[in-house]
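S.K.:
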Amino acid sequence: MRRILVLSLIFSLILTAPAIAQAGSKIGFLGWGPRAGLTVNPDQIHFGAHVSFGAPTTPLLIQPNVELGFGDDVTLIAINGDMSYLFRSANGAWTPSLGGELGMVRVNVDGFGSNTDLGISIFGAIAKTMANGNQLFLEAKVGVADAPDFKATIGYTLF
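Heads up, the sequence shown is in the numbering used here, so the first residue is 7 and it goes up one at a time.
1. Going by beta carbon distance, what residues of the same chain come within less than 6 Å of lysine 147, once the five residues before and after it are set aside?
2. Just list the residues that DSSP pairs glycine 119 with in beta bridges.
3. Do you know how far the Cα of glycine 43 is from the Cα of glycine 143?
4. Rounded to whole angstroms, what is the Cα-Cα separation between glycine 106 and asparagine 71?
5. In the DSSP assignment, find the unbroken beta strand (DSSP E) run with alanine 42 in it and report its ends.
6. Less than 7 Å separating the beta-carbons of threonine 45 and histidine 52?
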């Protein structure tokens, strides 16, 4: 399991390195927060946390996260690396984004053991900056390989 985690991390860094290098400015910590939602196949609820990294001058957002899913006689643990492109919008409006996710997904089936895979998903999201500067977001993910078929997530980023 440790080997898969290390390989996932290395692969994520390799994939994001060109975008980070092209950013042309310092990538830094932007915030962190909770997330929760519903998952289809397996049919679950999931909870987790995320951190956000980016640069004010670029539309790229890197948001690693950890999620735990419960239900359908399955416990799912996911350590994900999300990267998205933000489509800038007018002040106070919802900001749309599109992105991809690479993650380590561990599935424990009650009474039948466990399985760990490298999962790939694509997603779209919208985010709204609140009056206090924090951000609310809604996200929809579609699993491409070894990931849940669909995820709907709501999250809150504290800046």
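Using N, Cα and C, we set each Cβ at its ideal position, and we do this for glycine too.
M.R.: Well, looking at it:
1. Ser127, Phe129 and Lys157
2. Val115
3. The question names glycine, yet the displayed sequence has phenylalanine at residue 143. Spanning the two alpha carbons is a distance of roughly 12 Å.
4. 13 Å
5. 34-46
6. yes
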